[in-house]
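A.B. asks:
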Amino acid sequence: MKPIPRNHEKRRFAAGSAADPNGPVWLWGQHAVEAALANTNREILRCVATENAARRVGLSQAETLDPKALDKLLPPGAVHQGLAVRVKPLEAASLDDVLARPELPRRLCVLDQISDPHNLGAIFRSAAAFGVDGLILQTRHTPAITGVAAKAAAGAIETVPEIRVVNIARAIDQLGEAGYHTVGLAGEGMETISAAVHGAGRVAFVMGAEGSGLRPAVAKACATLARIPMTPGMESLNVSNAAAIAFYEAMRQETGA
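Here the sequence shown stands for residues 391 to 647, where the numbers follow my numbering.
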């Protein structure tokens, strides 16, 4: 992940509101806010901070509020650390456009109907940490990238591209045609994750929804199903934990770390 500048004096904030009233979202927490401010593709509609937080991160342009006023501005339970920004959503990429590039991403991940924004954010964070070049999400049945996911992602939503597709199984077929080894994570997988990614070149992981896992048509579309070895008695892992292990294993094998 690229470093985040500590001084935001030159960042200009857009005036007015977005054309679509349902479009803008609040992001909060120091990592999420600093990453949004550092992202030149992100349109900032409003920036608010407590006096202490603004001083801490060198953000003199922010609108200052007392902590209680900031609590009321954001959803209940938002752990904001004294910082929040109102932003327009980033534009998602098209898979067709990604696959048409002269140099294809080395590693991608397809998320099949992940519904928990905490898991979604955690997967973005692991993708940034372990060199996954984009997350492919369905246009329906997947939550928008809002404040909860952004806080869990700790800034990674600004650096890991979001790619949206209509049909997950078709997207997996496209990836296979483009030369990706498509690996679905499933407890019943015949291969271990280590064996599945060994010498694979470009890899696209496929993660199923919390609880239900991969849908049958999605599992069938994958080139292989792989499992993460676990001690007896433990049936499965949280999807974000499984994603982190899979991403790390692919990076480890590629780099020899």
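A virtual CB, placed ideally from N, CA and C, is assigned to each residue, including glycine.
Remember, predicted model here, so these are calculated numbers, not experimental data.
#1: What do you get for Asp502, buried or exposed, if any count of 16 or more other CB atoms within 10 angstroms of its CB means buried?
#2: If you follow the beta strand (DSSP E) that Leu498 is in, where does it begin and where does it stop?
#3: Count Cβ pairs between the segment 560 to 575 and the segment 529 to 545 that sit closer than 8 angstroms; are there 3 or more?
#4: Spatial neighbours of Glu578 within its chain, please: C-beta separation below 8 angstroms, excluding the five flanking residues on both sides.
#5: Cutting at 7 angstroms between CB atoms, please list the residues of its own chain near Val423, excluding the five before and the five after it.
#6: On a CA-only basis, which of Leu435, Thr454, Glu433, Arg436 is nearest Gly443? Give me that one, please.
#7: Quick check: the Cα distance between His588 and Ala561, rounded to an integer number of angstroms?
#8: Would you kindly work out how many angstroms separate the C-alpha atoms of Ala519 and Arg432, rounded to a whole number?
#9: Is the segment 446 to 464 touching the segment 547 to 558 in the sense that three or more CB pairs, one from each, lie closer than 8 angstroms?
#10: If I'm right that Ile504 touches Thr529 with Cβ under 8 angstroms, what's the distance once you round it to whole angstroms?
#11: With which residues is His571 paired in a DSSP beta bridge?
C.D. replies: According to the structure data:
#1: By the 10 Å Cβ count, Asp502 comes out buried.
#2: 497 to 501
#3: The segment 560 to 575 vs the segment 529 to 545: no contact.
#4: Answer for Glu578: Leu615, Arg617, listed in chain order.
#5: Leu417, Leu473, Ala474, Val475
#6: Here residue 443 is Ala; the residue named in the question, Gly, does not match the sequence. With distances taken between Cα atoms, Ala443 lies closest to Thr454.
#7: 23 angstroms
#8: 21 angstroms
#9: no
#10: About 13 angstroms separates the two Cβ atoms, so there is no contact after all.
#11: Val593
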